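Chains as they are written, first to last, in UniProt numbering: chain A, 1 to 384; chain V, 1 to 384. As structure tokens, the structure follows; a few thoughts come after it.
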């Protein structure tokens, strides 16, 4: 019997381990009798010939695995060159691996596609599981990882907006994950709920930053309400594509930039004389289990199951994707889809979702995203 | 029948509204028949003669109030001068207020003490409820607000450390609330739990920052583990008391500083050539209801009840404080205590809690703080 090997690629999400768990559940259900292996820290580990066994897991282990942030088998950001794929295929073959499941975003799925081609000469089947909180994979309704990151930002912005409502003395700029696509940033529109005012301004990277327009709007809201809540993508740029944050320093060829959130809060203080502060939850937003979305976890588990099915059924170069059946009530299906070379094209936020004029996000986005995050808790109770 | 009036002072915590709810529960239990009033945004609102009524609340409203971040009646940071106290007392008297309960930290309790003196000529009784996530009130075992902020940082650092464990490519610097006292920062020591490694380095403001020692330690841990998790107080200073962050700019007489977290991550990149990033959850750490501590909420409710008892029983210038009866199992009692002029002395972290040599926090701190945060969730399940 051949073995199956798992690899993770790119940054973790709140549900990358849930996909792994779904895959393992599928293997247990099918009484798979090969070894269940993983390459620690992804292709970088495999290149060094590192392969470990996943221990036998009880149901309660799997439930904990589904609620563990980070990557339980290690992930990496290693870049592969032409020959590397053949080398990986050879290592896999030497370890009697017949099936590979890689979990990751655009880059990892592209690696998956290339590896499926290189490994086919050994009859090794390679399949992919989608994973990205950026939600920029165009082949799927949404990517496992997005729902939880979206729920995190919606919930935290709701809480912060309630804080600012009760102490309306400053503009509060919250930085959201997602450098090139505004999906997670846009999810902050769902922070408005009950008494909680949510975000006043939402800046997505799809819309070039207009400093004067931004400051005018901040000043107007500050006059009306005292407190202002701004959510901004970490990747905000001017129309000429230069980042709005100044380069802080350079090491070798790498240029390091400041944070968008502190840049914007400093701008507000300097230009408007309004008190401002910045919050940057950063990777806490992709590692939060308390705000893990139930739907996101369910999608991740199903995608993990379907990828294993692809692999065991010989569908080389296929990945699992989410098909939305209905929004209300939310129903989805995880289905298989060939990984094409167009996988690298990142999907940005639909124009129809963006209210450019008001630096905000339209209701149509909520129709799309709300089912993916579910409830963010009971309404707050406040009197001001 | 005289009325009772509530005021909040200073920054909100996750349980400031729970104290308000406890006070209201006590009034309902006692069938208090005056009006239940509040001054919106604290003394600043009252100075302008603003007084509102708290509506009748159902049990489910009170439960929601106890789980609402921010200040449900508004809080402020207004500074009072000598004559202001007499003015406030006069306004209270004109509104038939016989009892006042103020909730806040050192500054607010000092205001409470001064107001109790000014208002005594009208036979108005003023009592205080402790509130500060900084935990720097010395008259109480711990302050309502601390347990939740501590639970938040412990839980988030645990999640972040699991993220770094699975992708050990950088040093990750997480900034914790608490500028002058390291209580919340120290709570990150409780992030280590099960497989999650937690923090590697904890920098509290009680220990002057030693750049060389810090960098040496980061480099050592990076060599051993790849990833490094650092938690640093927002108020880190050198031994000469100057902040470690450079002033970014000046507006009028106010000097604005950069963030400690991004300062330290930049330092690591520049001086060690190690990849580093920074996270600054900021006010999310005092507004998080998902990580609100059950014990903290219970303490807040009890303190709110006891302050009302002080007020109604004529104990002018008293506040409620927490007395720890036992740590295991955790038992506390909310008792009354006179507000002395020593209330302004901030309690910093006990020296015995700090492991200066290893830039870490001792077990004895965990004995103190663990009961206040309770569980931070089941152990994670990971294989690397």
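Note that the Cβ used here is the ideal one computed from N, Cα and C, for glycine as well. Keep in mind it's a predicted model, so treat the numbers as computed, not measured.
Check                                                                                                                                                                                   : Outcome
Taking the alpha carbon of residue 234 of chain V as the reference point, which residue from V:210, V:59, V:226, V:205 has its own alpha carbon closest?                                : V:205
Is residue 84 of chain V helix, strand or coil when you go by DSSP?                                                                                                                     : helix
Cβ closer than 8 Å: which chain V residues qualify as neighbours of residue 256 of chain A?                                                                                             : 266, 269
So, does the CB of residue 64 of chain V fall closer than 7 Å to a CB anywhere in chain A?                                                                                              : yes
Can you tell me whether residue 232 of chain V is helix, strand or coil according to DSSP?                                                                                              : strand
Any contact between the region 78-95 of chain A and the region 278-293 of chain A? By contact I mean 3 or more CB pairs, one from each, below 8 Å.                                      : no
Just reading off the alpha helix (DSSP H) that residue 171 of chain V is part of, what are its end residues?                                                                            : Note, residue 171 of chain V: premise wrong, no alpha helix (DSSP H); beta strand (DSSP E) at 171-176.
Output needed for residue 249 of chain V: all residues of its chain with C-beta closer than 6 Å, excluding positions within five of it in sequence on either side, in chain order.      : 256
Please list the terminal residues of the continuous beta strand (DSSP E) segment that includes residue 323 of chain A.                                                                  : 318-327
Please confirm if residue 383 of chain A has its CB atom under 7 Å from at least one CB of chain V.                                                                                     : yes
What residues from chain A crowd round residue 69 of chain V, counting only those whose CB sits closer than 7 Å?                                                                        : 159, 162, 163
Assuming residue 199 of chain V and residue 161 of chain V are in contact, meaning their beta carbons sit under 8 Å apart, how far apart are those beta carbons, in whole angstroms?    : 7 Å
What three-state label does DSSP hand residue 294 of chain A in the structure shown?                                                                                                    : helix
With a 10 Å radius around its C-beta and 16 neighbouring C-beta atoms as the bar for buried, classify residue 308 of chain A as buried or exposed.                                      : buried
Do you know how far the Cα of residue 20 of chain V is from the Cα of residue 105 of chain V?                                                                                           : 15 Å
Below 8 Å, can you find three or more Cβ-Cβ pairs linking the region 127-141 of chain A to the region 35-47 of chain V?                                                                 : no
Compute the Euclidean distance between the alpha carbons of residue 31 of chain A and residue 54 of chain A, then round it to the nearest angstrom.                                     : 15 Å
If we count the other Cβ atoms within 10 Å of its Cβ and call it buried at 16 or more, is residue 331 of chain A buried or exposed?                                                     : exposed
Does residue 223 of chain A get closer than 7 Å to chain V when you measure Cβ to Cβ?                                                                                                   : no
Write down every uninterrupted run of the beta strand (DSSP E) in the region 41-114 of chain A whose length is 3 residues or greater and which is fully enclosed by it, in chain order. : 97-104
Relative to chain A, which residues along the region 275-299 of chain V have a C-beta separation below 8 Å, given in chain order?                                                       : 277, 278, 279, 280, 281, 282, 283, 284, 286, 287, 288, 289, 290, 291
Using 7 Å as the threshold, is the C-beta distance between residue 231 of chain V and residue 221 of chain V below it?                                                                  : no
Flag residue 200 of chain A as yes if its beta-carbon sits less than 7 Å from any beta-carbon of chain V, otherwise no.                                                                 : no
Give me the Cα-Cα distance between residue 276 of chain V and residue 25 of chain V, rounded to the nearest whole angstrom.                                                             : 49 Å
Bridge partners for residue 237 of chain V per DSSP, in chain order?                                                                                                                    : V:243
Counting along the chain, where does the beta strand (DSSP E) carrying residue 331 of chain A start and finish?                                                                         : 330-338
Residue range of the beta strand (DSSP E) that residue 129 of chain V falls in?                                                                                                         : 125-130
Among V:252, V:300, V:352, which one has its Cα closest to the Cα of residue 270 of chain A?                                                                                            : V:252
By Cβ distance below 6 Å, which residues in the same chain neighbour residue 311 of chain A in space, the five residues on each side in sequence not counted?                           : 99, 101, 125, 127
Which residues does DSSP list as the beta-bridge partners of residue 199 of chain V?                                                                                                    : Answer by DSSP bridge pairing: none, since residue 199 of chain V is not bridged.
Strictly under 7 Å for the Cβ-Cβ distance: is residue 251 of chain A near chain V by that measure?                                                                                      : yes
Which residue or residues does DSSP assign as beta-bridge partners of residue 353 of chain V?                                                                                           : Its beta-bridge partners do not exist; DSSP assigns none.
Considering residue 256 of chain V, what are the terminal residues of the beta strand (DSSP E) in which it resides?                                                                     : 254-257
If distances are taken between C-alpha atoms only, which option among V:117, V:51, V:63 comes closest to residue 96 of chain V?                                                         : V:51
Could you tell me if residue 79 of chain V is buried or exposed, where buried requires 16 or more neighbouring beta carbons within 10 angstroms of its beta carbon?                     : exposed
Could you tell me whether the region 172-184 of chain V touches the region 338-354 of chain V, using the rule of 3 or more Cβ pairs below 8 Å?                                          : yes
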